[in-house]
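First up is the structure itself, then whatever we jot down about it.
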Amino acid sequence: MAFQPITSREKEGGLAHRWGLPALLPTTAAIVSLASLLLLLQSSNVTTSGYDLRRLEAMREDWAQSNYQLEAEIAYLQSLGRVAREAKEKLGMVPATTYLFVTVAKTPGAHTTSQGLSPGLEAESQSTQVPPWVWGILEKLRVRW
Amino acid sequence: MSHMERPRVHSWRLKALILFLMGSGLGLTLRVSYLQIAQSESFRQQAQEEHWAKQSVLPHRGMIRDRNSYPLAATVTVFNLFLDTTTLRRPERVAQALSPLLERSEEELLQLMSRGQKEKVPLALGISYEKGREIQDLGLPGVVTEKEIKRVYPEGNMAAPLLGFVGRDSIGLTGIEADFNAELAGRSGSLIFERDSIGNPIPLGFRQLVPPEGGADLILTLDRYAQRLAEWGLDEAIKKHKASGGTIIIMEPRTGAILAMASRPSFDLTAIDLRDASRMELYRNRAITDMYEPGSVFKVVTMAAALEERLVTPKTTFYDNGFVVKYGWPIWNWDGKANGLIDMTEVLKRSANVGAIWVSDQLGPERFYKHVLRFGFGQPTYISLSGEASGQVRTHKDQGWSPVDLATNSFGQGISATPLQMITAVSAIANGGQLMRPYVVKQVVGPKGTRTYQPVVVRRVLSPEVAQQLGEMMHAAAEQGESKLAVVPGYKVGGKTGTASISKEGGYASEETIASFAGFAPLRDPKFAILVKIDKPQDSPWGSVVASPVFSSISSQLLIYMKERPVEPFLVQKRG
Numbered sequence: 000m001a002f003q004p005i006t007s008r009e010k011e012g013g014l015a016h017r018w019g020l021p022a023l024l025p026t027t028a029a030i031v032s033l034a035s036l037l038l039l040l041q042s043s044n045v046t047t048s049g050y051d052l053r054r055l056e057a058m059r060e061d062w063a064q065s066n067y068q069l070e071a072e073i074a075y076l077q078s079l080g081r082v083a084r085e086a087k088e089k090l091g092m093v094p095a096t097t098y099l100f101v102t103v104a105k106t107p108g109a110h111t112t113s114q115g116l117s118p119g120l121e122a123e124s125q126s127t128q129v130p131p132w133v134w135g136i137l138e139k140l141r142v143r144w
Numbered sequence: 000m001s002h003m004e005r006p007r008v009h010s011w012r013l014k015a016l017i018l019f020l021m022g023s024g025l026g027l028t029l030r031v032s033y034l035q036i037a038q039s040e041s042f043r044q045q046a047q048e049e050h051w052a053k054q055s056v057l058p059h060r061g062m063i064r065d066r067n068s069y070p071l072a073a074t075v076t077v078f079n080l081f082l083d084t085t086t087l088r089r090p091e092r093v094a095q096a097l098s099p100l101l102e103r104s105e106e107e108l109l110q111l112m113s114r115g116q117k118e119k120v121p122l123a124l125g126i127s128y129e130k131g132r133e134i135q136d137l138g139l140p141g142v143v144t145e146k147e148i149k150r151v152y153p154e155g156n157m158a159a160p161l162l163g164f165v166g167r168d169s170i171g172l173t174g175i176e177a178d179f180n181a182e183l184a185g186r187s188g189s190l191i192f193e194r195d196s197i198g199n200p201i202p203l204g205f206r207q208l209v210p211p212e213g214g215a216d217l218i219l220t221l222d223r224y225a226q227r228l229a230e231w232g233l234d235e236a237i238k239k240h241k242a243s244g245g246t247i248i249i250m251e252p253r254t255g256a257i258l259a260m261a262s263r264p265s266f267d268l269t270a271i272d273l274r275d276a277s278r279m280e281l282y283r284n285r286a287i288t289d290m291y292e293p294g295s296v297f298k299v300v301t302m303a304a305a306l307e308e309r310l311v312t313p314k315t316t317f318y319d320n321g322f323v324v325k326y327g328w329p330i331w332n333w334d335g336k337a338n339g340l341i342d343m344t345e346v347l348k349r350s351a352n353v354g355a356i357w358v359s360d361q362l363g364p365e366r367f368y369k370h371v372l373r374f375g376f377g378q379p380t381y382i383s384l385s386g387e388a389s390g391q392v393r394t395h396k397d398q399g400w401s402p403v404d405l406a407t408n409s410f411g412q413g414i415s416a417t418p419l420q421m422i423t424a425v426s427a428i429a430n431g432g433q434l435m436r437p438y439v440v441k442q443v444v445g446p447k448g449t450r451t452y453q454p455v456v457v458r459r460v461l462s463p464e465v466a467q468q469l470g471e472m473m474h475a476a477a478e479q480g481e482s483k484l485a486v487v488p489g490y491k492v493g494g495k496t497g498t499a500s501i502s503k504e505g506g507y508a509s510e511e512t513i514a515s516f517a518g519f520a521p522l523r524d525p526k527f528a529i530l531v532k533i534d535k536p537q538d539s540p541w542g543s544v545v546a547s548p549v550f551s552s553i554s555s556q557l558l559i560y561m562k563e564r565p566v567e568p569f570l571v572q573k574r575g
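Residue numbers (numbering that gives the first Met the number 0), protein chains in the order written: chain G, 0 to 144; chain R, 0 to 575.
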C-alpha cells in the first residue's frame, strides 16, 4: 500500500486520536504506581528507622544497666570484707602485729609523700605535685636512696 | 360511589403511629445531640486518656561513696519473675526454657506452676538484669517480668545507721539516703505514647521521651578503712565486755570531717522490715540521737574553761582530801582516795572529782556555763543529719538548777550530751582551740556539676596556747594516769577516760555505767580524734579498762594507715 498523507481531519484530532484515553491510562497508572512506590519506600524507611530507634534505645538502656551492674561488681570485688577474706582464706595471710619502721637518708632532689597522710587523707592545703614525667626521669636515672 | 372518590378514613392508629415515629425520631435526635454536643468534651477526654499514655521513667539513683570514692551504696536494676497461671500455656516448655536460666530443676518449676492460683506466683525475685532481659526476650506465655530498682551495698552493712535505707519506691527513708534524697534521686523523665485499646504502644504512633536526669553521687568524708576499724573495735569490745551497745566516732580535728561513725546495735541493710515496730529503734543513728552523761571525759571541758580564764595553770595545786560536801551532799573521788596536794595535771591524770569541783568553784557558774555552751553543749552541732539531739545543759539561769549541779556538772554528771557533741569538743582542744562544725558529706557530684562542702569554723573556744597546755595535760592523763591502756606504742597521744552512771527516774542506776574514752593522736598536729563509748559493760564498769584499749587499738592501726612517723626510739633501723 502506498504511503498516504495524514489528512487535516486526522491532523486536528490526530494527537487526541493518537494520544487518547487508551494511551493516557497506562501512563497515569505508571505515574501513580511510581508515586505509590516512592511513598511506600519512604514510609517503610520511617518505619524501619522507628524500629531501629526503639531497638537502639533498648540497647542503650541494656548497656547502661550492664555498666551499673559491673560498677557494683567491681565495688564488691574491691570491698574490704572480700579483700580480707581472700587474703586469709586463699593466701593464708594474717593481720600484721609488728611494724618495721626504717629511716633512710633523703638524697637531694628526692620526692617524699605528703607529710604523714595516706593518699586518701590529703591535707587541705595543696601539696606540691610532681609531674609524672619527672618520676619517669628519676626512674631512668635510677636515683638511689 | 365512583373510583374517583376515595372514602376519607380518619384512622387514629395511623396518626398514633406517625406521632410515635416522630417522637422516637425527636428523642433519638435529642439523645444524639446530648451525647455529641453536651458530653463531647467528656468523651473526647476519655478517648484521649485511652489513646494516650504517660509513663514515668525512673532516674538512676546516685551512689554513696567514701572519701576515696569506694562505693558504699550503689543501684542496680533487677527483675522479678512471676507466673500468671491464667495465661500460662504448655508449662513443660516454659519450665524447660526457664530451668537453666533460673538454675532450678524443671520439676521444681512445674510444681510451682501446678498450684493453680489465680494471682501472680513468684518464681524468682532479684534476678540480674542480663538474665531478666534474656527471659523477657523469650516471650514465654504466662511468664511476667517486672523491673525493680535495688540498692546494693558492696561493703556490707558498713555504717548502716549513718547511710540509712530506701523504700520500695527508691525514696530515702532514714539516714543520708533520706537527708540527701533530693540529690541522690535525680529527676524522673516521662514517656508519652499512643496506645491501642488494650494498652500496648502503637508501633508507628507518636512517642515522646523526656529522658530522666540521673541522681548525683555523694562523696562522704568517711574513710571505709577507718570505719571498718571502728566497727571491728566496737564489736570486739561489746562481745568481750558483754555490753549492750556502743558508739565510736573518729573525727578529723582540723576540719570537723567525720572519718568514721559506728553504732551498735545496728541492722542489716538488706533485710529491712518496716512492719516490725520492735526493730524501729535500730534504725536511728545513735551517734547523734542518743544523749548520755559524759562523766569524767567532761573534766577536760571544765579544765579548758579554767585555763582559758587564767584562773589555773597546769601546775596550780590544791589539796584533795578525797571528798567534798556541797550543800549537804557529800561527793567522793571515784576511787574514794584522798590524793593529797596535787596539781591540775594530776587532777586529770587521777580523774579526781574533787579536783574538778574545786576548778568549777574557781570559775563560778557564770563562767563555767559560758564555756560549756561555747563548746557546743546544749545545742545541735548542725551536722546536716536529721534526728540530731541538742543535749541538755541546765545552767544557773534555768529553773530547777541548784548549786550542787555546778559541782556534779564539773565532772560530767547532770549534763546530757550526744557522742558527736563530745568528740566535737575534744577535737576543738586537739586542733588548737577552734570549734569545727562536723560534717559527713564532702561533695555532691551531679550531672550539672560538683558541689564541695568546706569546713566551717563555728567559733574559737580556746587560745592556741591554752589548747596546747591542755593537750599536754591530756597526754599525761593518757600515758601516766589510770588510763595507761590507751597508750599507743611509738606515738604520743592525748586523752581522757570517763565512767558515767546512767541516769534513770529518781536517780542513777547503781550497777550500770557508760565507759568511755576520748582522745586524739598524734599529740603534735593531731590527725584524728576518737570517742569510744561502750554502754553497760558487764565485767568492768571502768572506761580505763573497757574503752581505753579500743582507742589504743584503733589509733595504732590508723596511725600506720596514715603513714604517721613514730617517735625516734621506735624506729628499728636507720640507713643512709
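Ideal Cβ placement from N, Cα and C applies to all residues, glycine included.
What separation, rounded to the nearest whole angstrom, lies between the Cα atoms of residue i and residue j?
i, j, result
"alanine 259 of chain R", "methionine 343 of chain R", "32 Å"
"proline 364 of chain R", "histidine 395 of chain R", "6 Å"
"threonine 417 of chain R", "serine 262 of chain R", "12 Å"
"leucine 90 of chain G", "glutamine 77 of chain G", "16 Å"
"valine 165 of chain R", "alanine 177 of chain R", "8 Å"
"glycine 542 of chain R", "phenylalanine 516 of chain R", "6 Å"
"glutamate 48 of chain R", "leucine 34 of chain R", "18 Å"
"valine 455 of chain R", "leucine 484 of chain R", "34 Å"
"leucine 281 of chain R", "valine 439 of chain R", "20 Å"
"glutamate 292 of chain R", "leucine 217 of chain R", "33 Å"
"aspartate 334 of chain R", "tyrosine 560 of chain R", "37 Å"
"glycine 377 of chain R", "isoleucine 73 of chain G", "44 Å"
"leucine 228 of chain R", "alanine 158 of chain R", "12 Å"
"glutamine 114 of chain G", "lysine 526 of chain R", "In this predicted model, glutamine 114 of chain G has a pLDDT of only 44, less than 50, meaning its place in the structure is not dependable; the value taken from the coordinates is given anyway. Cα-Cα distance, rounded: 11 Å."
"phenylalanine 81 of chain R", "threonine 220 of chain R", "42 Å"
"valine 443 of chain R", "proline 58 of chain R", "17 Å"
"leucine 122 of chain R", "alanine 37 of chain R", "50 Å"
"leucine 469 of chain R", "isoleucine 501 of chain R", "27 Å"
Would you please state the rounded distance, in angstroms, between the beta carbons of residue i and residue j? I believe it to be under 8 Å.
i, j, result
"alanine 644 of chain R", "valine 486 of chain R", "Lying before the first or after the last residue shown, residue 644 of chain R is absent from chain R, which here runs from 0 to 575."
"glutamine 537 of chain R", "lysine 241 of chain R", "4 Å"
"glycine 518 of chain R", "isoleucine 529 of chain R", "6 Å"
"methionine 435 of chain R", "valine 457 of chain R", "7 Å"
"glycine 321 of chain R", "tryptophan 331 of chain R", "7 Å"
"leucine 108 of chain R", "leucine 97 of chain R", "6 Å"
"threonine 112 of chain R", "proline 90 of chain R", "Before going further, note that residue 112 of chain R is methionine rather than threonine in the sequence given. Right, their Cβ atoms sit about 4 Å apart."
"valine 358 of chain R", "alanine 406 of chain R", "Their Cβ separation, rounded to whole angstroms, is 11 Å, which puts valine 358 of chain R and alanine 406 of chain R out of contact at 8 Å."
"glycine 185 of chain R", "glycine 214 of chain R", "4 Å"
Using a beta-carbon distance below 7 Å, is residue i in contact with chain G?
i, result
"isoleucine 559 of chain R", "yes"
"proline 210 of chain R", "no"
"glutamine 556 of chain R", "no"
"proline 565 of chain R", "yes"
Quick one: does residue i have its CB under 7 Å from some CB of chain R?
i, result
"serine 43 of chain G", "no"
"glycine 80 of chain G", "yes"
"alanine 74 of chain G", "yes"
"glutamate 121 of chain G", "A caution first: glutamate 121 of chain G carries a pLDDT of 43, below 50, which makes its placement in the model unreliable, though a value can still be read off. Not closer than 7 Å to any Cβ of chain R, the Cβ of glutamate 121 of chain G fails to qualify, so no."
"alanine 71 of chain G", "yes"
### Query
Do the region 48-62 of chain G and the region 49-60 of chain R make contact, defined as three or more Cβ pairs closer than 8 Å?
no
### Task
For the region 95-127 of chain R, enumerate the residues whose C-beta is nearer than 7 Å to any C-beta of chain G, in chain order.
Ser127
#### Entry: Near-chain G residues of the region 65-97 of chain R (beta-carbon distance less than 7 Å), N- to C-terminal order
Arg66, Asn67, Tyr69, Pro70, Ala73, Thr74, Val75 and Thr76
### Message
Counting only Cβ-Cβ distances shorter than 7 Å, please list the residues of the region 152-186 of chain R near chain G, keeping chain order.
### Response
Pro153, Glu154 and Gly155
### Query
Between the region 421-433 of chain R and the region 248-259 of chain R, do three or more beta carbon pairs fall short of 8 Å?
yes
### Message
Between the region 144-161 of chain R and the region 353-362 of chain R, can you find at least three pairs of beta-carbon atoms closer than 8 Å?
### Response
no
### Task
Report the residues of the region 464-483 of chain R with a CB closer than 9 Å to any CB of chain G, ordered along the chain.
none
### Message
Can you confirm whether the region 52-67 of chain G touches the region 116-134 of chain R when touching is taken to mean that 3 or more C-beta pairs between the two stretches lie within less than 8 Å?
### Response
yes
### Message
Output needed in chain order: residues of the region 221-236 of chain R with a Cβ under 8 Å from some Cβ in chain G.
### Response
Asp222, Arg223, Tyr224 and Arg227
### Query
Listed in chain order, which residues of the region 436-447 of chain R have Cβ atoms closer than 8 Å to some Cβ of chain G?
none
### Query
So does the region 379-392 of chain R actually touch the region 166-186 of chain R, counting three or more Cβ pairs closer than 8 Å?
yes
#### Entry: Cβ-based contacts, 7 Å cut-off: residues of the region 51-62 of chain G near chain R
Asp61
### Query
At a Cβ cut of 9 Å, what residues of the region 127-144 of chain R count as close to chain G, listed as they run along the chain?
Ser127, Tyr128, Glu129 and Arg132
### Query
Which of the residues in the region 44-60 of chain R, read from start to end, lie with their CB under 8 Å from any CB of chain G?
His59
### Query
Is the region 284-302 of chain R touching the region 268-275 of chain R in the sense that three or more CB pairs, one from each, lie closer than 8 Å?
no
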